[in-house]
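Beneath this line is the structure, given in structure tokens, with notes to follow.
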Amino acid sequence: MKKAYLILIALVLGLGLGIFIEDSAPNILNSAEIIGNAWLNALRMTVIPLIISLLIVGVLQAAQMARAGRMTVKALIIMITILWCSSIMAAFVTPALLAIFPLAETSIAAMQSALGSAAAPGEVPPFSEFLRALIPTNIVDAAANDAILPLIIFTLFFAFAVTQLEDKPRKTIGDFFNAISEAMLIMINWVLYIAPIGVFALAMTVGARAGTAAFGALLHYVIIVTAVGTVVWIASFALAALAARKNPITFFKAAIPSQVLAISTQSSLACLPAMVKGSHTLGVGTRSTDVVLPIAVALFRATGPCMNLAVVIYIAHLLGIELTVTALAIGVAVAATTTLGAVSLPGSVSFIASIAPICIAMGVPIEPLVILVAIEAFPDLMRTIGNVTMNMAVTATVARTENDIS
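Residues 0 to 405, numbered by numbering that gives the first Met the number 0, are exactly what the sequence shown covers, in order.
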């Protein structure tokens, strides 16, 4: 949290200094842009290997858990279904919210001017070409050209193939990719160690070019993305009522302690004891809480797909990029899939690692992520609240199917 606050302070100071100097010091702004872009490139170079390694490790963990029994399989099926529903929901709800509550045209123009070359969208192939390229003929070429979805499809095939190996080779491959992911995380933490400098530099250039419109755009962003996550939070009550047959008021009262802890810690893992106690209050048996909640904390983050995709759709809106149906479909698939491997990452790391692949796959520039990561602490409140509440709803649902709830 200290790092998050430092990054937020760097953002505010950078924007403020940029607004103050405007165009009076072009050399300083050019230097700041070079420093900021160098930091961004250092962060971006870790995305592909991190996503591949985390996705393989996530699939192997899920497969290992599925071997534990019928209850585990039910829990995983429900969780994966919710992840895809979360992602699909964002593809419809986010554009609708932006249509109802759009960012002012003056702010959009100012931010496009501030972000400069970043406003140029990447190329999204026509739907027919997209289908032909879905199965990569050369995995190295796919990685080199940032073909994220074909790369993910290959990685999933590979990971599922690994699950069919004998214990020893499966463990060897799992340990190998786990080591790669840990090495990548160390590299990212090195890069994030100087994040306040990188964010300050890029924020200064944005503040100089966009002026006070930058603050309005950031506030608007927080409201939109948080609203999308709120849909998942509300859906957890619907799931508890319809599938677990628990009165929404009763469910809300049982979830209050974990939600309060979520606000104070912004960590689903820290909320695990409160979730267990709250589930027992609902009448969920120990067998279900001991199996389902640890799986949920390890592999499941219900708000991840929808809020990650909402970030990318918002960036497209900010930069005036019109997203095609194909681009949104790609975004849905990437958002739902990559969440499985990103749930165990720290906030600032998971923000970049989870959203950058969606941006690349949809042809949306990733440069704005550097600014948005500085205010992630605010939407992250709803991320954690929605996650812990949905974890309890899923646990109660699985318990109902197993007759382990009163």
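Backbone N, C-alpha and C define an ideal beta-carbon position, used for all residues, glycine too.
Can residue i be considered in contact with the ligand NAD, in the sense that its beta carbon sits closer than 7 Å to one or more heavy atoms?
{"i": "A74", "result": "The ligand NAD is absent from the structure shown, which contains no ligands of any kind."}
Going by CA-CA distance only, name the one from the options that's closest to residue i.
{"i": "L14", "options": "V397, I374 and E401", "result": "I374"}
{"i": "L53", "options": "G68, A315, N40 and D174", "result": "D174"}
{"i": "F214", "options": "L96, L10 and A253", "result": "L10"}
{"i": "I187", "options": "A41, A103 and N26", "result": "A41"}
{"i": "T325", "options": "V296, G362, F350 and T302", "result": "G362"}
{"i": "I6", "options": "I193, M88 and A24", "result": "I193"}
{"i": "I320", "options": "I34, Y4, R43 and Q111", "result": "Q111"}
{"i": "A95", "options": "G57, V58, Y313 and S235", "result": "Y313"}
{"i": "A62", "options": "V46, T225, A98 and K170", "result": "K170"}
{"i": "I255", "options": "M389, T400 and R66", "result": "M389"}
{"i": "A216", "options": "I357, L12, L97 and L150", "result": "L97"}
{"i": "S278", "options": "Q258, Q265, S266 and A297", "result": "Q258"}
{"i": "A253", "options": "M274, S180, F153 and S235", "result": "M274"}
DSSP three-state call for residue i: helix, strand or coil?
{"i": "I51", "result": "helix"}
{"i": "L66", "result": "Note that residue 66 is Arg in the sequence shown, not Leu. DSSP places R66 in coil when its eight states are reduced to three."}
{"i": "G206", "result": "helix"}
{"i": "G173", "result": "helix"}
{"i": "N246", "result": "coil"}
{"i": "L418", "result": "Shown here, the chain extends from 0 to 405; a query on residue 418 therefore has no answer."}
{"i": "T162", "result": "coil"}
{"i": "I27", "result": "helix"}
{"i": "F100", "result": "coil"}
{"i": "Q265", "result": "coil"}
{"i": "P364", "result": "coil"}
{"i": "A118", "result": "With a pLDDT of 49 at A118, under the threshold of 50, the predicted position of this residue should be treated as unreliable, and no value is reported."}
{"i": "F299", "result": "coil"}
{"i": "L150", "result": "helix"}
{"i": "C270", "result": "coil"}
{"i": "I187", "result": "helix"}
{"i": "I193", "result": "coil"}
{"i": "I20", "result": "helix"}
Mark residue i as exposed unless 16 or more other C-beta atoms lie within 10 angstroms of its C-beta, in which case mark it buried.
{"i": "S263", "result": "exposed"}
{"i": "S405", "result": "exposed"}
{"i": "E165", "result": "exposed"}
{"i": "G448", "result": "Here the chain has residues from 0 to 405 only, and residue 448 is not among them."}
{"i": "N307", "result": "buried"}
{"i": "G68", "result": "exposed"}
{"i": "T211", "result": "exposed"}
{"i": "L268", "result": "exposed"}
{"i": "F91", "result": "exposed"}
On the DSSP bridge assignment, give the partners of residue i in chain order.
{"i": "V283", "result": "I404"}
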